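As given, the protein sequences belong to chains P and Z, one line each in that order. First residue of the first sequence: 640, per my numbering; consecutive thereafter. First residue of the second sequence: 8, per my numbering; consecutive thereafter.
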Amino acid sequence: MSNKKFLSGNEAIAYGAYRAGCHVAAAYPGTPSTEILENIAKFKGEINCEWSVNEKVAMEVGVGASIAGARTLVAMKHVGLNVAMDPLMTYTYVGTNGGMVVISADDPGMHSSQNEQDNRCLVKFARAAQFEPANSQEAYDMTREAFDLSERTGSIVFIRMTTRTSHSSSLVDLGDDFAYGAREPKPYEKNIKKTVAVPANARVMRFDIENRLNTLRAEAEASVFNRIEEGDKRIGIITCAVSYQYVKEVFPEYSILKLGFTNPLPTELVRKFAAMVDKVYVVEELDPVLREAVIDAGVKVENFSTELSMMEQNVDRLRALRAELTGETYTPPAKPELPALPVRPPVLCAGCSHRTVFYSLAKLKATVSGDIGCYTLGCVPPLSAMDTTICMGASIGAAFGMQKAGLKNRVAAVIGDSTFFHSGITGLIDVVYNKGAVTVVVLDNRITGMTGHQQNPGSGKTLLGEDTVQVSIAEVARAVGVRRVREVDAYNQKEVEEALAEELDAPEPSVIVVFGSCVIAAKRNVNATPYQIDADKCMACGSCFKLGCPAIIRGEAKGKLFKAQIDPAVCIGCDVCAQLCKFGAISSTAK
Amino acid sequence: MSKIVNVTLVGVGGQGILLTSEILARTAALAGLDVKKSEIHGMSQRGGSVSSQVRFGDCVYSPIIPDGETDILVSFEQLEAIRCVGMLKAEGKAVIDTRKIVPVTVSSGQQPPVENQDELLASLYANRAIMVDSIEQATKVGNTRTANLVIAGALSKLLDFPAELWHEAIRTRLPAKLVDINIQAFEAGRAL
C-alpha cells in the first residue's frame, strides 16, 4: 500500500527531514524558501526549530548543532546564502559530525527577489555536495539521503531548490514506514585539531576537503539520483533539476542523463553517457554550471546558438532549441491582439502603517535609502519615495555612504523591524562610531510581513508561538550611542512628518521608530469601519490621491481635476486621509 | 504521449485562487491521476495579479503549462480574463467571474481604463466561456467568502470528475465547520 500525499517541494523537504530524524532546524524567512521551516515547525515535538535573526546566525546554529552531533537542517533563499557564506566556507573545511543539510532556494526569473544568482556556483565554491530535486518526490527522497550522505562523508550536503521546485506540488509516496527517524545525536568529543580552524589546523583540513571531494565523487557515480534514460542515441541530453521535466516534455524520444547528485560531477557516468550518444547537449537553468563541469570532464558539448544563461528555463524555450537542433519548424502560438491594458502591480495595502512615512519623506523631498520588505513598495507612484534598495540591511550603510559622498540633500534610511534585526544594527553602529548623521526610520510592525507574517525578535513570539523577550528597537538604538531616539505612531501623519523634519535637520544620528501593526497580520482591525468622502465638501484638490491608497479612487470630474471617493470594500478606516483633508470632507461612517 | 489537461487560474490576491487550485488538484489526485500544481507566492496579498496552474493526466512532467496551451482558463476577474486570453488554446474553454476589480493604477488615474471592456471580453471569449456571478451565488448560499467554490462548481462542469470526488477534496482541505457551506456553494456553481 502506498502512502501518497500531494506536497509542495518545501513541504516534502520538511517531511524528509522528519523521516530522517533531523534534530535541529534553523532559517530566516525568504521567498521561495519560507514554508520549509513553517512545515518543520509542525513537527516541533521532535525537531528543535527556530527563526534565526539572519541566515548567518541560522548557519552558525546549524554548524554548532552539527559539531555537537545533531542532524541539522538550515534553509534560506538564494541571497540569504550570501549572508551565510562566512561560516559555510570554513565549516566545509572542518567537516560535519551530525549530518548537516543546507537548503538554498533560488529564484530564477526573480519572481520575488532582487537578483537571480545561481547558487550552484557557491556550492561548487564551497566544495560541498549538492542534490538538485526535479519534483517533490525527489525533494523528499533527497532530503532523507542527504543526512546519511553528510554523516558518511563529513560533507555539508546542499539541496538546491528553485521557485518551481519549492512552490510546485506533486504526489509524494512517503513510504509505509513513515515516522520520525528517531535517533540519538552522534557522540561529541572535544577535538581541537578538527574543530578549531586556526591556520595550523586549517592547512591540514585543506587536504581533507580535497579527499572528501574524491569520496563524494565516488558516491555521485553510484547514486540512485543519477540515471541514464536510454532513447534515440543520435542526441543525448544531460540535464538536472526542473529542466529535466521540460526536457522530458520536449525531447521525449532522445537519450537523457538525468543528474540529481550534481556536485561533484560523476565524471565517469558522464563520459559513459557521452560515449553512448552521437551528440551531447546540456540543458539547465541560469549559469552554465553543469555545462562547464561536463566540458571539464573532457566531453564535447554541442552549442545551442540561441541559448541564454539567464531567466527561467521552460518548455517554450526548449521547443525553439529543438527546432534548431532537428531542423523542425517551431512557431510560437498566435496571440489575439489586445489593447494596452492597465497593470495590476502590488501596492502598499489600504491602511498600511508604512504610508505616512513615505508620504512625509516625499513631501520633505528627502533622499531615501530603502531596504528589503513590503515597504520597498514605497518606491511605487504616486509615493515614489525611494532612491535606492540593494539588499537586506543595506539602507543604513548606503545612506551613510551617500552623506560621505557629499550629497547635498538630506538622507533618510528606511528599514523594517525584521530587517533591522537581520543586519541593520551593524550599519547603525557604524554611523554612530564614525560620527555620521543619518536619520534611520525603523518601520516597526512587529512582524516579518513580506514573506507571510513570521515572528521575529520584535514580535515577542518564537517560531512555535511561544512567548519570549520582545527586543526594543529604541533601547537597542540608545544602547549603541544614538542620543536622538523617538517613537511615533504610524497613523498620526502630523507626528510622523514633524519627527522626520526635525531629525533630518539634526547634526547627529537619529532613530525614529514608527510603530503600527501590519494590517494583514492584525486581521485589518485597526478600525474596521470604512471612511467616506462628502462630495459637496471635496474640492478636488488631490491631496489624498498622493497617499497612493488603493481605497481612494477617482470620483466625478471637476474641470481637469477629479473629486475623490472611498471604496468601502477596501478602506479599513485608518484615518490618515482624513487627517490630510483641508476641507474636512473625509470622515468615518461610524456614528 | 497521453492527454494532459491544463487548467490556469488567474485573478487578484485574496480571491481564493490558491485554495481553488488546491481543491482541483486534490480532486484529480483522488481520481487516480498524476497531478502537478504550480503557483507564484510573494506579494499576492498586496493587490497584485495572482495565478496558479494545475496539470493532470497519466504522467505529467513540467509543472508549468506551455504558453498558449491552457485547456481551461478560470478567471476570477474580468480584466485578468482579458489579460490572460493568450494562455488559452484556440479551442480552449473558460470560466469567468463577471466581477470587476479596478486596478489601483486606474482608480488613481495613472493609467486609463480599458475602453469597452465588456464588449472586448465578449468578443475574446465568444461561445467558449461560462460567465458566473460568483458573489450573487455565494450570497444566496449565505456566505460571500464561498465565491471561489461557486467558481470551482462551474469549472467542474467542464471536467469529467464525479461530484463526490470534488466533495471529498473539499472535505480534506477545509476545516469541518466550513465544509457544508462550501459544498453548497460548489453545487450552486455546478448547477449554473
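Glycine included, each C-beta is placed from N, C-alpha and C at the ideal position. Given the structure is predicted, the values throughout are model-derived calculations rather than measurements.
Nearest-angstrom Cα distance between residue i and residue j?
i	j	result
residue 967 of chain P	residue 749 of chain P	32 Å
residue 1026 of chain P	residue 988 of chain P	21 Å
residue 653 of chain P	residue 935 of chain P	35 Å
residue 957 of chain P	residue 923 of chain P	10 Å
residue 1138 of chain P	residue 136 of chain Z	55 Å
residue 21 of chain Z	residue 54 of chain Z	8 Å
residue 780 of chain P	residue 655 of chain P	7 Å
residue 845 of chain P	residue 733 of chain P	9 Å
residue 1020 of chain P	residue 1187 of chain P	7 Å
residue 1125 of chain P	residue 832 of chain P	50 Å
residue 978 of chain P	residue 894 of chain P	44 Å
residue 1168 of chain P	residue 650 of chain P	38 Å
residue 63 of chain Z	residue 75 of chain Z	17 Å
residue 784 of chain P	residue 659 of chain P	8 Å
residue 93 of chain Z	residue 158 of chain Z	21 Å
residue 737 of chain P	residue 643 of chain P	29 Å
residue 164 of chain Z	residue 197 of chain Z	6 Å
residue 1045 of chain P	residue 1110 of chain P	34 Å
residue 194 of chain Z	residue 865 of chain P	47 Å
What residues of chain P sit near residue i, judged by a beta carbon separation below 8 Å?
i	result
residue 32 of chain Z	645 and 808
residue 118 of chain Z	981 and 982
residue 89 of chain Z	977 and 980
residue 112 of chain Z	981, 982, 983 and 984
residue 121 of chain Z	978, 980 and 981
In the DSSP output, which residue or residues are listed as bridge partners for residue i?
i	result
residue 1106 of chain P	P:1100
residue 104 of chain Z	Z:139
residue 744 of chain P	P:716 and P:800
residue 1221 of chain P	In DSSP, residue 1221 of chain P forms no bridge with anything.
residue 706 of chain P	According to DSSP, residue 706 of chain P bridges with nothing at all.
With respect to the beta strand (DSSP E) encompassing residue i, which residues constitute its N-terminal and C-terminal limits?
i	result
residue 1006 of chain P	1006 to 1008
residue 1248 of chain P	What the structure shows of chain P is the stretch from 640 to 1230, and residue 1248 of chain P is not part of that stretch, so it cannot be assessed.
residue 812 of chain P	807 to 812
residue 689 of chain P	687 to 690
residue 1126 of chain P	1123 to 1128
residue 1184 of chain P	Counting along the chain, residue 1184 of chain P falls outside any beta strand (DSSP E), and DSSP gives it neither H nor E.
Which residues bound the alpha helix (DSSP H) around residue i?
i	result
residue 1069 of chain P	1064 to 1072
residue 196 of chain Z	183 to 197
residue 930 of chain P	928 to 935
residue 653 of chain P	648 to 658
residue 840 of chain P	838 to 861
residue 160 of chain Z	154 to 163
residue 1026 of chain P	Note, residue 1026 of chain P: premise wrong, no alpha helix (DSSP H); not H, not E.
residue 760 of chain P	759 to 765
Please compile the residues from chain Z whose C-beta is within a distance smaller than 7 Å of the C-beta of residue i.
i	result
residue 888 of chain P	68 and 69
residue 1070 of chain P	Going along chain Z, no residue has its Cβ under 7 Å from residue 1070 of chain P, so there is no contact; the nearest lies around 30 Å.
residue 1102 of chain P	Chain Z residues near residue 1102 of chain P: none, gap ~19 Å exceeds 7 Å.
residue 1086 of chain P	In chain order: nothing, as chain Z lies at least about 13 Å away.
residue 1207 of chain P	Ordered by position in chain Z, no residue passes the 7 Å Cβ test against residue 1207 of chain P, which lies about 13 Å from the chain.
Starting from residue i, find everything on chain Z with Cβ-Cβ shorter than 8 Å and list it in chain order.
i	result
residue 803 of chain P	45, 70 and 71
residue 742 of chain P	The contacting residues do not exist; residue 742 of chain P stays about 16 Å from chain Z at best.
residue 1192 of chain P	109, 114 and 115
Which chain P residues sit within Cβ distance under 7 Å of residue i?
i	result
residue 58 of chain Z	Ordered by position in chain P, no residue passes the 7 Å Cβ test against residue 58 of chain Z, which lies about 11 Å from the chain.
residue 201 of chain Z	Missing from the structure shown is residue 201 of chain Z; chain Z here goes from 8 to 199 and no further.
residue 36 of chain Z	645 and 810
Just the chain Z side, please: which residues come within less than 9 Å of residue i by C-beta, in chain order?
i	result
residue 884 of chain P	43, 67, 68, 69, 70 and 71
residue 953 of chain P	69, 71, 73 and 74
Starting from residue i, find everything on chain P with Cβ-Cβ shorter than 9 Å and list it in chain order.
i	result
residue 92 of chain Z	974, 975 and 977
residue 19 of chain Z	983
residue 221 of chain Z	Since the displayed chain Z opens at 8 and closes at 199, residue 221 of chain Z lies outside it and no answer follows.
Stretch pair the region 1115 to 1124 of chain P + the region 1144 to 1155 of chain P: three plus CB contacts closer than 8 Å: Enough Cβ pairs lie closer than 8 Å, so yes.
Meets three-Cβ-pair contact criterion under 8 Å: the region 78 to 97 of chain Z and the region 899 to 911 of chain P: No: the two stretches stay apart, fewer than three of their Cβ pairs being nearer than 8 Å.
The region 766 to 784 of chain P in contact with the region 848 to 866 of chain P per 3-pair CB rule at 8 Å: The answer is yes - the region 848 to 866 of chain P touches the region 766 to 784 of chain P, with three or more Cβ pairs under 8 Å.
Validate contact between the region 1036 to 1056 of chain P and the region 1187 to 1206 of chain P using beta carbons, cut 8 Å, 3 pairs: In short, these stretches do not touch, since the Cβ pair count stays below three.
The region 687 to 697 of chain P / the region 755 to 764 of chain P touching (three or more Cβ pairs under 8 Å): Too few Cβ pairs lie closer than 8 Å, so no.
Contact list for the region 853 to 887 of chain P against chain C, Cβ threshold 9 Å: The chain inventory of the structure shown lacks chain C, comprising the protein chains P and Z.
Cβ pair count under 8 Å reaching 3, the region 1189 to 1196 of chain P against the region 105 to 115 of chain Z: Cβ pair count under 8 Å is three or more, so yes.
At least three beta-carbon pairs within less than 8 Å, the region 1128 to 1138 of chain P to the region 699 to 709 of chain P: Here the region 1128 to 1138 of chain P does not lie against the region 699 to 709 of chain P, with fewer than 3 beta-carbon pairs under 8 Å apart.
Stretch-stretch touch, CB-based, cutoff 8 Å, three pairs: the region 1067 to 1083 of chain P with the region 709 to 718 of chain P: Touching, no.
Segment contact, 8 Å Cβ cut-off, at least three pairs: the region 1039 to 1054 of chain P with the region 1008 to 1024 of chain P: Yes, they touch.
contact_flag[the region 168 to 183 of chain Z, the region 34 to 47 of chain Z] where n(CB pairs < 8 Å) is 3 or more: Contact between the region 168 to 183 of chain Z and the region 34 to 47 of chain Z is present, with at least three C-beta pairs closer than 8 Å.
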